[in-house]
Amino acid sequence: MELDRTKKDILKEVANIGAGNAATAFSGMIGHEINMTVPKVELIDIQDLPAITGDEEEYIACIMINFSGEISGKILLVVDMENVEKMLKLIFSTDDLPGKEMQNSALNELGNILSGAYLKAINDFTDLDLDQSVPAMAYDMAGAVLSSSVIDYSQTEDFILLLETEFVAGKEKLELFYFFIPEKDSLDFLFQRLAGGSFA
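Quick note, our numbering runs 27 ahead of the 1-based positions in the sequence shown.
Set out below in structure tokens:
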């Protein structure tokens, strides 16, 4: 399903504001300037999710966060292992990384920051009151972890939002996939609030 130009422009604006919020928070977390952009915003078929990152057998990190309130659903932050390593080196400011427990804690905190930044952008445009859960982390092959993450939604939902996100820190560029998976009717309600508010 293709988004029409108006809806894509709305989402792009919200996403870029969310990216700005996230860049500010991430910069504060690591003590270095971070710039973020959202080069692609798409509505994708939920059945295509496991293959969207490329190789379904590639190992990835997936940070899962539920959100609830006037709309509800799930956020997935998906990063391949090469970009995970880059992120961790940025966070810890060293190539000599700490143990897995500290790495996971740092990635969960980053996930918390990113999801909160985008949810705040949605709130700023719509006045929707949204809460988010504690992040959960999974490492697995892309096909397996993404399929299991949306199994509860695939029977009732057809589409999810994909925001491809890029970080730039100095000469380093990092990429991740941000999936916004609303529960039944939440996506329509979100568009109604967005179009009826700042984008009337």
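Even glycine gets a Cβ: it sits at the ideal position worked out from N, Cα and C.
Predicted model, so just to flag it, every value in this text is computed and none were measured.
| Asked | Found |
| --- | --- |
| CYS89 to ALA222 span [Cα, whole Å] | 31 Å |
| Endpoints, beta strand (DSSP E) assigned at GLY100 | 100-107 |
| Three-way DSSP call (helix, strand, coil) for ILE90 in this model | strand |
| The stretch 92-99 in contact with the stretch 184-199 per 3-pair CB rule at 8 Å | no |
| Assigned secondary structure, ILE187 (DSSP; H/G/I helix, E/B strand, else coil) | strand |
| Extent of the continuous beta strand (DSSP E) to which GLY69 belongs | It should be pointed out that residue 69 corresponds to Glu in this sequence rather than to Gly. Its beta strand (DSSP E) spans residues 62-72. |
| The stretch 30-48 / the stretch 168-175 touching (three or more Cβ pairs under 8 Å) | no |
| Distance between ALA78 and PHE218 (C-alpha atoms, nearest Å) | 26 Å |
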